[in-house]
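Worksheet: the structure to be examined is printed underneath.
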Amino acid sequence: RIVLGEGAEGEVLLARGSDTGRLAAVKVVRADGADGERRLQREVSVLRALAHARGFPDVMYFGPAGGKGGAGHLCAVMTLCGPSLERLSWETAGGGGLSAPTALALAAQAVERLRDLHAAGYAHRDVSPTNLLMGTCDERNTLFLLDMGLAVRVKDGPSACGELRADERDSRGADAFVAAAVDEGGSAEAADDVEMLAWAMAWLLSGGQLPWACGADVGDALSRAAHKRRCARDAACFVDWLDAEGNVRIEEAERA
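Counting from 1, position 187 in the sequence shown corresponds to residue 187 in UniProt numbering; the numbering is continuous, with no gaps.
As structure tokens, this is what we get:
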């Protein structure tokens, strides 16, 4: 058994199709684990809505896990992706940060992923270097956006807000990357995803250094928000560059 990743609510395993021999990633959660089950169901719903979009995993199966040890578990069989940008940064740059041309080329692809996600009516809410992965084989140069478990529905495009359920208000992405407005207790917005991408790219360019984060200690939410507000103008310039160079139109990348 090869574990690709694990968390409090489940794990991701490497599997091979018995008929096709094709490798796949299998996300498994306990069927009676309310949070894990709900998030996996949401992730599958979002990915199926993006079934024909580039850079999102296909879902080959979703339902009860079979086989030995599968009783009482729910699983989703998805496209197997390659390394995350976090891992790629450490393996190729030795922790020193990606080159600017590499990071910006990847960021341009990431903006395309967000454009398609927002057009489908969702905000991701957890954009980070760990959730941006390269593809494999013929798609090895394609960037994939994963982990839709915190995604919410939004209306009227990238400037719209998404309503959170009462039991989801404490659910959020990684503290170092969430938008300043989220640190301040605001609602989820599609535009927050673009701000999170800017912080993720800054992290990759700097070798894991952000002004409001030092290792695992990212401080309190309001302090982080203040730091992010001070950096917001640079983030907006970054998004403007992507828009001009990549011909990608995502509006409201920064909230005044």
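Just so you know, even glycine gets a beta-carbon here, dropped at the ideal spot from N, CA and C.
Own chain partners of residue i with C-beta closer than 7 Å, once the 5 adjacent residues on each side are dropped
{"i": "Cys231", "result": "Pro211"}
{"i": "Gly96", "result": "Gly207"}
{"i": "Arg48", "result": "Val59"}
Contacting residues, own chain, Cβ-Cβ under 6 Å from residue i (five flanking each side not counted)
{"i": "Asn131", "result": "Leu146, Asp147"}
{"i": "His227", "result": "Pro211, Trp212"}
{"i": "Thr79", "result": "Pro57, Asp58"}
{"i": "Gly72", "result": "Ala31"}
{"i": "Leu197", "result": "Ala110, Val127"}
{"i": "Glu6", "result": "none"}
{"i": "Arg229", "result": "Ala180"}
Secondary structure of residue i, DSSP reduced to three states
{"i": "Val194", "result": "helix"}
{"i": "Leu23", "result": "strand"}
{"i": "Met134", "result": "strand"}
{"i": "Met78", "result": "strand"}
{"i": "Val59", "result": "strand"}
{"i": "Pro211", "result": "coil"}
{"i": "Val152", "result": "strand"}
{"i": "Leu143", "result": "strand"}
{"i": "Gly157", "result": "Interpretation of Gly157 is limited by its pLDDT of 48, a score under 50 that renders its predicted location unreliable; no figure is taken from the coordinates."}
{"i": "Ala179", "result": "coil"}
{"i": "Ala65", "result": "coil"}
{"i": "Ala71", "result": "coil"}
{"i": "Arg48", "result": "helix"}
{"i": "Ala105", "result": "helix"}
{"i": "Arg54", "result": "coil"}
{"i": "Ser223", "result": "helix"}
Residue i and residue j closer than 8 Å at C-beta
{"i": "Pro129", "j": "Ser89", "result": "yes"}
{"i": "Glu195", "j": "Ala179", "result": "yes"}
{"i": "Ala34", "j": "Ala24", "result": "no"}
{"i": "Ala151", "j": "Leu50", "result": "no"}
{"i": "Gly17", "j": "Phe144", "result": "no"}
{"i": "Ala76", "j": "Ala123", "result": "no"}
{"i": "Asp183", "j": "Val127", "result": "no"}
{"i": "Val26", "j": "Val3", "result": "no"}
{"i": "Ala65", "j": "Met201", "result": "no"}
Exposure of residue i, with buried meaning 16 or more beta-carbon neighbours within 10 Å
{"i": "Gln109", "result": "buried"}
{"i": "Arg39", "result": "buried"}
{"i": "Arg113", "result": "buried"}
{"i": "Gly215", "result": "Caution is warranted here: a pLDDT of 44 is assigned to Gly215, below 50, making its placement in the model unreliable, and the coordinate value is therefore given only provisionally. Gly215 comes out exposed."}
{"i": "Cys137", "result": "exposed"}
{"i": "Asp220", "result": "exposed"}
{"i": "Asp223", "result": "It should be pointed out that residue 223 corresponds to Ser in this sequence rather than to Asp. It is exposed - the Cβ of Ser223 has fewer than 16 other Cβ atoms within 10 Å."}
{"i": "Gly125", "result": "The sequence as given places Arg at residue 125; Gly does not occur at that position. Buried."}
{"i": "Glu43", "result": "buried"}
{"i": "His52", "result": "exposed"}
{"i": "Gly173", "result": "buried"}
For residue i, the residue or residues it bridges with in DSSP
{"i": "Glu11", "result": "Glu6, Val28"}
{"i": "Arg229", "result": "Beta-bridge pairing links Arg229 to no other residue."}
{"i": "Arg16", "result": "Leu23"}
{"i": "Ser89", "result": "Paired residues: none, contrary to the question."}
C-beta neighbour in chain D for residue i, strict 8 Å
{"i": "Ala191", "result": "Among the protein chains of the structure shown there is no chain D, as only one such chain exists."}
Beta-carbon contacts of residue i that lie in its chain and below 8 Å, excluding the five residues immediately before and after
{"i": "Glu9", "result": "Val29, Arg30, Gly33, Asp35, Gly36, Arg39"}
{"i": "Glu91", "result": "Pro83"}
{"i": "residue 260", "result": "Here the chain covers residues 1 to 256 and nothing more, so residue 260 does not appear."}
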